[in-house]
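J.: Dropping the structure in here first, questions after.
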Amino acid sequence: MRGMTRRGARGAAIGILALAILGFGVWGTLAVWFRSPLGPALQAPAAVAWALLSLAALAVLLLSSRRWTAVAIYALAIAALLGWWSTIHPSNHRDWAVDVSRPATGEITGNRLVVRNVRNFDWRTEADMTPRWEERSYDLDKLVSVDLYADYWAGEAIAHTIVSFGFADGTYLAWSIELRRRQKQAFSALAGFFKESELIYIAADERDAIRLRTNIRHEDLRLYRLKVPAATARGFLEAYVAEANALAAKPVWYNTLTSNCTTLVFRMAKLVEPGIPFDWRVLLSGYFPAYAYDRGALDTSLPFAELARRSRISQRAIEADDAPQPLFSELLRVDIPGIAPCERCVAGGS
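Just so you know, we're using the UniProt record's numbering here: the sequence shown kicks off at 1 and counts up by one.
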């Protein structure tokens, strides 16, 4: 009986070690592939070398009596890999793409919020735009609304989240948490797990942030009015400002799963309302509006499917392409459940 127990324990230990080697093999191969310190020419050979080392360690573990020597050698290799990984630090100083070249920062004095580097680009194509970075001032006592945009660009499961704060004078301040791309860098969701890009908080005019996605990229954008008390709305905006300031001072890596446009919005919401429970729809961001609906944060007078249908604003944005602000933002909100009608929008603008 004792021998059987010992063999069972040894078998379990070998099984656990095999899974660990397999996991480090996959992770290490991708980490070296995306972040190889040896340059593009040796990127593939280095990744293949780590994969072969992992397979060799796994084979010896399962098939050879010298398994513990192999485990010790592989453990040293893992330590070296993790040591190298720990030396890869985020930076605020790279050759950034123009639209993410300036991080937003803010300063609150009493009820006055000043936001610097508010992006207000005039987009003609994704590659052709007139850049404008502005400093804008807002009266926090006149903050009257918070809207959630969900930008569907890769099916129903994944959406980019934008939160827009509305003021009594008709202006909106849109916040978009994005990966900070370098010049000519292509987006890769897989690379986003491996310290490929830093985070940036973009504060933007809606004619920039929304029109870019609807009129230029032709993505499916949906707009929801959030039902939040005034104090919560202000706390949410202040959380954005605080996070943007912290990020401008100390850069942080973007992560496709844990530090992205939706998980960070959820984290800030929890700072304001600590009792909000976590939900799997925070990770599958396309379903985040349904989560907000189930929490009572959206208009629940309609079934969610109908609310989602009426929330689509891409065609409306295209039709309002030439509208100046604040009319552009007002036209986006025509017939959105939970938002009072705009008199001049219904009349056709002025």
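Built from N, CA and C at the ideal position, the CB exists for glycine as well. Every value quoted in this text rests on a predicted model; they were computed, and no experiment measured them.
1. Is V144 helix, strand or coil when you go by DSSP?
2. Smallest Cα separation from A246: which of P103, H218, A59?
3. Leaving out five residues on either side along the sequence, give the residues of the same chain with a beta carbon under 8 Å from the beta carbon of D220.
4. Taking the straight line between their C-alpha atoms, what separation do you get for L223 and T258?
5. Taking the straight line between their C-alpha atoms, what separation do you get for D335 and L307?
6. Among all the DSSP beta bridges, which residues are the ones paired with S137?
7. Go to residue 354, then tell me how far its beta strand (DSSP E) extends in each direction, as first and last residue.
8. Quick check on the burial criterion: 16 or more other C-beta atoms within 10 angstroms. Buried or exposed for E343?
9. Name the one or two DSSP bridge partners that N255 has.
10. Just reading off the alpha helix (DSSP H) that W84 is part of, what are its end residues?
11. On the DSSP letters alone, give me the boundaries of the beta strand (DSSP E) that T105 sits inside.
12. Does the distance from the CB of A80 to the CB of S285 come in under 8 Å?
13. Tell me, which residues are paired with E264 by DSSP?
14. Straight-line CA distance for R225 to G296?
15. Leaving aside the five residues before and after G170 along the sequence, list all residues of the same chain whose C-beta is less than 6 Å from its C-beta, in chain order.
16. With distances taken Cα to Cα, identify the nearest neighbour of N92 among Y201, P277, A231, T300.
17. Can you give the beta carbon distance from G106 to A244, rounded, assuming they're within the 8 Å contact cut?
18. Mapping DSSP to helix, strand and coil, what is E330?
19. Could you spell out the range, first to last residue, of the beta strand (DSSP E) harbouring R180?
20. Between P274, E198, L143, which lies nearest to A248 when the distance is taken from Cα to Cα?
21. Between A77 and the rest of its own chain, which residues show a CB-CB distance below 7 Å, the 5 nearest in sequence each way excluded?
22. Using a Cβ-Cβ cutoff of less than 8 Å, which residues in the same chain neighbour A12 once the five nearest sequence positions on both sides are dropped?
T.: Taking the coordinates as given:
1. strand
2. P103
3. D151, Y152, W153, R312, S314
4. 24 Å
5. 11 Å
6. V114
7. Given that the chain is displayed from residue 1 to residue 350, the structure contains no residue 354 and the question cannot be resolved.
8. With a pLDDT of 47 at E343, under the threshold of 50, the modelled position of that residue is not reliable, and no figure is offered here.
9. S259
10. 67-85
11. 105-109
12. no
13. The sequence given here has Leu at residue 264, not Glu. In the DSSP output, where bridge partners are listed per residue, L264 has none listed.
14. 11 Å
15. P326
16. Y201
17. 6 Å
18. helix
19. 172-180
20. E198
21. L53
22. none
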